[in-house]
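Residue numbers (the UniProt record's numbering): 1 to 263. For glycine and all other residues, C-beta sits at the position ideal for the given N, C-alpha and C.
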Amino acid sequence: MPTLQLTPLLHCRSSLLSPENSVFRHRKLRLRCSDQRQALFSRIAPVYDNLNDLLSLGQHRVWKRMAVSWSGAKRGDNVLDICCGSGDLAFLLSEKVGLDGQVIGVDFSRNQLLIASSRQQERSTLCYTNIEWLEGDALNLPFSDKNFDAITMGYGLRNVTDKERAVEEIFRVLKPGCKASILDFNKSMEPITGVIQEWMIDNIVVPVATNYGLAEEYRYLKSSIQEYLTGKELEQLALAAGFSDAKFYEIAGGLMGNLVVTR
Ligand SMILES: C[S@@+](CC[C@H](N)C(=O)[O-])C[C@H]1O[C@@H](n2cnc3c(N)ncnc32)[C@H](O)[C@@H]1O
């Protein structure tokens, strides 16, 4: 039976939905606070999967399969998907590790986890019963050291308030010799790729999101990519956190990227 454990979260400030603190107040949506990001992902949760399919023309499924493959997860493994959202990567991990294995999907948005849990219940495949959803913070993972055989993180690292800390946490809970695979938008060194990304966000993503009443939320994507790290910077961050190896792969013509790190 799927479980959804709700652990208490530490919030950086109270009452993020108060008018003076509302994300709607900031046109550029530079979300400095974890609470604001948590609220944003809870708001977009009901339409998140539809929009992913629409905006990537279904391609995000291929990139997620690649990310899971790079994680090295195999039958019987105990694996973790951080910032699991509605569960796409956790479902793929579940198929990889089988019923001998165990998957934990962790996210700080309760709404996203509730959707993940209901998707799990809708799916009749037995193997998905090996997934547990846990409310928790990527910056303070509720696990002991050296716990997991593989870790994935899809479109999460760009969204956390402290990327260094998130990578250190991944290092801490991963077993020695094992891999983590971190998929996200690529902050490309090629100016043309940045121009294409920004054009797509302004002319496709935001107009489509507007139809769902979520223009501001998706406008945040642009600043989050601008403030993200390049592939080289991500590799350096991982090595500084203690990983023995870090390789960044550009995918989707450089629009997306996947960091693969080995402890
Ligand atoms: C863009 S969604 C990605 C969801 C899913 N991994 C996917 O690829 O479809 C980012 C997710 O990260 C979660 N998130 C952001 N910061 C977090 C944090 N500090 N701790 C836990 N989850 C976080 C959000 O709640 C959201 O569900």
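So, using beta-carbon positions, are residue 157 and residue 182 closer together than 9 Å?
-> Looking up residue 157 in the sequence shown gives position 157. Looking up residue 182 in the sequence shown gives position 182. Yes.
Please work out which residues of its chain come closer than 6 Å, Cβ to Cβ, to residue 228, disregarding the five sequence neighbours upstream and downstream, and give them in chain order.
-> On the sequence shown, residue 228 is found 228 positions in, with the first residue counted as 1. Result list for residue 228: 158 and 187, in chain order.
Applying the criterion that 16 or more other CB atoms from any shown protein chain within 10 Å of the CB defines a buried residue, is residue 50 buried or exposed?
-> In the sequence shown, the residue the question calls residue 50 occupies position 50. With fewer than 16 other Cβ atoms within 10 Å, it is exposed.
Buried or exposed: which applies to residue 258, given that a residue is buried once 16 or more other Cβ atoms fall within 10 Å of its Cβ?
-> Counting from one through the sequence shown, the residue named residue 258 turns up at place 258. Classification for residue 258: buried.
Report yes if the CB atom of residue 164 is closer than 9 Å to the CB atom of residue 241, and no otherwise.
-> The residue you call residue 164 lines up with position 164 of the sequence shown. The residue you call residue 241 lines up with position 241 of the sequence shown. Yes, the Cβ-Cβ distance between residue 164 and residue 241 is below 9 Å.
Which runs of the beta strand (DSSP E), 3 residues or longer, sit entirely within the segment 155-241?
-> 174-185
Would you tell me roughly how many angstroms separate the C-alpha atoms of residue 22 and residue 36, rounded to the nearest one?
-> Position 22 of the sequence shown, counting from 1, holds the residue named residue 22. Position 36 of the sequence shown, counting from 1, holds the residue named residue 36. Because the pLDDT of residue 22 is 30, which lies under 50, any placement of that residue in the model is unreliable, and the number read from its coordinates should be weighed accordingly. The straight-line gap from Cα to Cα measures roughly 8 Å.
For residue 38, is the beta carbon positioned less than 8 Å from some heavy atom of ligand 1?
-> The count along the sequence shown starts at 1 and reaches residue 38 at position 38. Result yes, Cβ under 8 Å from ligand 1.
Would you mind reading off the limits of the alpha helix (DSSP H) that contains residue 41?
-> Looking up residue 41 in the sequence shown gives position 41. Looking at the DSSP string, the run of the alpha helix (DSSP H) that includes residue 41 is 34-56.
Close Cβ partners of residue 77 (< 7 Å) along its chain, the five nearest in sequence each way excluded | Position 77 of the sequence shown, counting from 1, holds the residue named residue 77. So the list reads 97, 101, 149 and 150, once near-sequence residues are dropped.
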